[in-house]
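Every number in the numbering used here is 16 more than the matching position in the sequence shown, counting from 1. Beta carbons: idealized from backbone N, C-alpha and C, even for Gly. In this text, all values refer to a predicted model and were calculated from it rather than measured experimentally.
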Amino acid sequence: MANVLLVDDEQNILLTYRTILERGGHRVETASTAEDALKAFEAEGADVIVTDMNMPGISGIELVKQIRQRSPGTEIIVMTGAGSERTGIQAMQAGAYDYLRKSDIVPDELVLLVEKAAEKSSLQTAIALRTRIAGLREGFENIIGEDPQLLEVLSVVKKVAPTDSTVLIGGESGTGKELIAEALHINSSRKNKPFVPINCGALPKDLQESELFGYVKGAFTGAQTNKKGLFEEANGGTIFLDELGEMELPLQVKLLRFLQDQKIYRIGDAKPILVDVRVICATNKDLKRLIAEKRFREDLYYRVNVISLHLPPLRERKSDIPILAQFFCQRFSEKFGRPECQLSEKALEELMNYSWPGNIRELQNVLERSVILAEGPSIGTEHFPKDLYDARVRISDIVDDQPTLDELEKRYILETLRATQGNKVLTCERLGISTTTLWRKLKEYGVAQEVGMKEELVA
Numbered sequence: 017m018a019n020v021l022l023v024d025d026e027q028n029i030l031l032t033y034r035t036i037l038e039r040g041g042h043r044v045e046t047a048s049t050a051e052d053a054l055k056a057f058e059a060e061g062a063d064v065i066v067t068d069m070n071m072p073g074i075s076g077i078e079l080v081k082q083i084r085q086r087s088p089g090t091e092i093i094v095m096t097g098a099g100s101e102r103t104g105i106q107a108m109q110a111g112a113y114d115y116l117r118k119s120d121i122v123p124d125e126l127v128l129l130v131e132k133a134a135e136k137s138s139l140q141t142a143i144a145l146r147t148r149i150a151g152l153r154e155g156f157e158n159i160i161g162e163d164p165q166l167l168e169v170l171s172v173v174k175k176v177a178p179t180d181s182t183v184l185i186g187g188e189s190g191t192g193k194e195l196i197a198e199a200l201h202i203n204s205s206r207k208n209k210p211f212v213p214i215n216c217g218a219l220p221k222d223l224q225e226s227e228l229f230g231y232v233k234g235a236f237t238g239a240q241t242n243k244k245g246l247f248e249e250a251n252g253g254t255i256f257l258d259e260l261g262e263m264e265l266p267l268q269v270k271l272l273r274f275l276q277d278q279k280i281y282r283i284g285d286a287k288p289i290l291v292d293v294r295v296i297c298a299t300n301k302d303l304k305r306l307i308a309e310k311r312f313r314e315d316l317y318y319r320v321n322v323i324s325l326h327l328p329p330l331r332e333r334k335s336d337i338p339i340l341a342q343f344f345c346q347r348f349s350e351k352f353g354r355p356e357c358q359l360s361e362k363a364l365e366e367l368m369n370y371s372w373p374g375n376i377r378e379l380q381n382v383l384e385r386s387v388i389l390a391e392g393p394s395i396g397t398e399h400f401p402k403d404l405y406d407a408r409v410r411i412s413d414i415v416d417d418q419p420t421l422d423e424l425e426k427r428y429i430l431e432t433l434r435a436t437q438g439n440k441v442l443t444c445e446r447l448g449i450s451t452t453t454l455w456r457k458l459k460e461y462g463v464a465q466e467v468g469m470k471e472e473l474v475a
């Protein structure tokens, strides 16, 4: 079925040909002038345009030229009056797919011609897309997918990578923020210098400053030698601060100072050290909400948010699931020395129907497990973990009495913890939070000890 835009200034012609094409299985929109056709095309697009040549206002020839300029992949069939073969040839020279004399039009032949034009349009569009993807793929070989949202992110990355601008990458846990940060690095002039990733949520609070900025001998008990911080280790290259929202407020002040003057201060030393580092940050939190809660500095937010990128969750780019699944199956088959595995039709259907709260990271883990268990060329649903089906938090079960937002958050966290059978790591992946945040929330709810989660376990 093709989307057809039918253009003619005679209403009876529009009605007749619309009926013919709709009976042939096509979706048809109509316009009475070339001007209206251009507006309709801008609003809705079309696979094929069937247009009269002689209309008031813009001519059919001019319509052909304008459509070809705007959308080279859209095919155009022109209709001419008796004895107007020359006009039809001129239209084809301007870019039309074919022409028909109105007096010779046979319903089945019109439907068939539109189908052939639609096939060519589809092929042209696919070639254009592949060409665009190929252009974007250079330098991004580790990023898998063809979803338009992802391609838009890569388009921005390609423009931003050569600069030294600070970038803030948003998106849920497991969406590939570190891969994007690394792509920014390897497509920049700093690619031969260090790329240093740091998970701010994984750094113990009392060690954050010393890990990032270093210290001098005697700065505190146990500081027996000078130590470089990670900012110095990344000198000349790129530092990637993941889970930025987990950074403590005092350290946010020091990061802000560095972004302002490119100088760091080791603990115990008043002498500044000039460091040439590009900073890329990532967060799965709403930093504006943290600002309102006085947990994140507003001035720092505007410093790190020079360029903003957002990675869509896997549930919003489901067309990429088969591509990613094939990639992971091939990778793990090679890793474990197995014949290359293929997903059964039912298995792929289950993957497509699942919501993937843990995003690409969760899909990767599921397929690694499945390749190991399959021990053969076919992966079925029996090789998937049981919680792929069972551990699905149903919103209807936690909002039926209209709780407050805080109560809803509490219920969602506890229900996710229950659904994962107390697995804290999986719970954090599905909620998109760090173990530190989970511990803090459970402590607020008074259940941290009950579920066996202690502060020292997440420090």
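Nearest residue (CA-CA) to residue i, options the options
i      : options                        : result
Leu54  : Ile185, Arg84, Asn300, Tyr231  : Arg84
Glu91  : Gly284, Glu135, Ile449, Glu398 : Glu135
Glu7   : Ser335, Leu404, Val127, Tyr231 : Lying outside 17 to 475, the shown extent of the chain, residue 7 is not represented and no answer is given.
Pro338 : Glu361, Asp25, Ser87           : Glu361
Glu476 : Gly97, Gly89, Ala62, Gln109    : Look at the range of the chain in this structure, 17 to 475, and you will see that residue 476 is not part of it.
Arg282 : Leu454, Phe236, Ala308         : Phe236
Tyr461 : Glu423, Ser87, Thr452, Phe343  : Glu423
Asp302 : Leu184, Lys457, Ser119         : Leu184
Glu248 : Phe256, Gly234, Gly230, Lys459 : Gly230
Pro220 : Leu330, Thr451, Ala112         : Thr451
Ser137 : Ile105, Val20, Gly238          : Val20
Gly4   : Glu51, Val64, Leu359           : Nothing can be reported for residue 4: it is not among the residues displayed for the chain, which extend from 17 to 475.
Leu257 : Leu306, Gly186, Arg206, Lys233 : Gly186
Asp315 : Asp114, Pro329, Arg273         : Arg273
Residue i (DSSP reduced to helix, strand or coil)
i      : result
Pro213 : strand
Met95  : strand
His326 : strand
Gln165 : helix
Glu309 : coil
Ala370 : Going by the sequence as given, residue 370 is Tyr instead of Ala. Of the three classes helix, strand and coil, the one that applies to Tyr370 here is coil, per DSSP.
Ser15  : Here the chain covers residues 17 to 475 and nothing more, so residue 15 does not appear.
Tyr231 : strand
Asp277 : helix
Ile105 : helix
Val480 : This structure cannot speak to residue 480, because the chain is shown only from 17 to 475.
Tyr33  : helix
Arg146 : For Arg146, the predicted model reports a pLDDT of 49, less than 50, meaning its position is unreliable; a value from the coordinates is still stated below. Three-state DSSP puts Arg146 in a helix.
Ala199 : helix
Tyr113 : coil
Pro123 : helix
Val293 : coil
Ile283 : strand
Ala134 : helix
Lys402 : coil
Ala50  : helix
Lys299 : Note that residue 299 is Thr in the sequence shown here, rather than Lys. Strand at Thr299.
Lys351 : helix
Lys207 : coil
Residues of its chain near residue i, where Cβ-Cβ distance is below 8 Å and the 5 sequence neighbours each way are ignored
i      : result
Leu496 : Since the displayed the chain opens at 17 and closes at 475, residue 496 lies outside it and no answer follows.
Gln224 : Cys216, Met263, Glu264, Leu267
Lys287 : Tyr281
Pro401 : Val382, Arg385
Near the ligand FAD: residue i beta-carbon under 6 Å from a heavy atom
i     : result
Gly61 : As far as ligands go, the structure on display features none, and thus does not contain the ligand FAD.
Range covered by the beta strand (DSSP E) that runs through residue i
i      : result
Cys357 : First-last for Cys357: undefined, no H or E at that position.
Ala47  : 43-47
Thr67  : 64-68
Val23  : 19-23
Val183 : 183-186
Other residues of its chain near residue i: CB distance less than 7 Å, five sequence neighbours each side excluded
i      : result
Met17  : Gly41, His42, Arg43
Ile36  : Pro123, Leu126, Val127
Pro72  : Asp25, Thr49
Leu195 : Asn158, Ile159
Leu340 : Ile160, Gly161, Ile376, Leu379
Glu198 : Phe211
Segment limits, alpha helix (DSSP H) that includes residue i
i      : result
Asp258 : Counting along the chain, Asp258 falls outside any alpha helix (DSSP H), though it belongs to the beta strand (DSSP E) covering 254-258.
Gly76  : 76-86
Leu316 : 314-320
Asp422 : 421-435
Arg446 : 440-447
Phe236 : No alpha helix (DSSP H) holds Phe236; DSSP gives it neither H nor E.
CB contact check: residue i to chain C, cutoff 7 Å
i     : result
Ile65 : This model lacks chain C altogether, as it is built from one protein chain only.
Close beta carbons around residue i, own chain, < 6 Å, minus the five adjacent residues each side
i      : result
Gly245 : Leu228, Phe229, Gly230
Phe348 : Glu384, Val387
| Do the segment 287-299 and the segment 245-252 make contact, defined as three or more Cβ pairs closer than 8 Å? | Contact annotation: the segment 287-299 touches the segment 245-252, with at least three C-beta pairs closer than 8 Å.
| Can you find at least 3 beta carbon pairs, one from the segment 445-458 and one from the segment 188-196, that sit closer than 8 Å? | As far as the Cβ criterion goes, the segment 445-458 touches the segment 188-196, which means the pair count is three or higher.
| request: Evaluate the contact criterion for the segment 309-329 versus the segment 205-222: three or more CB pairs, one atom per stretch, below 8 Å. | output: Touching, no, given that fewer than three Cβ pairs across the two stretches are closer than 8 Å.
| field | Segment contact, 8 Å Cβ cut-off, at least three pairs: the segment 346-364 with the segment 383-395 | value | The segment 346-364 vs the segment 383-395: in contact.
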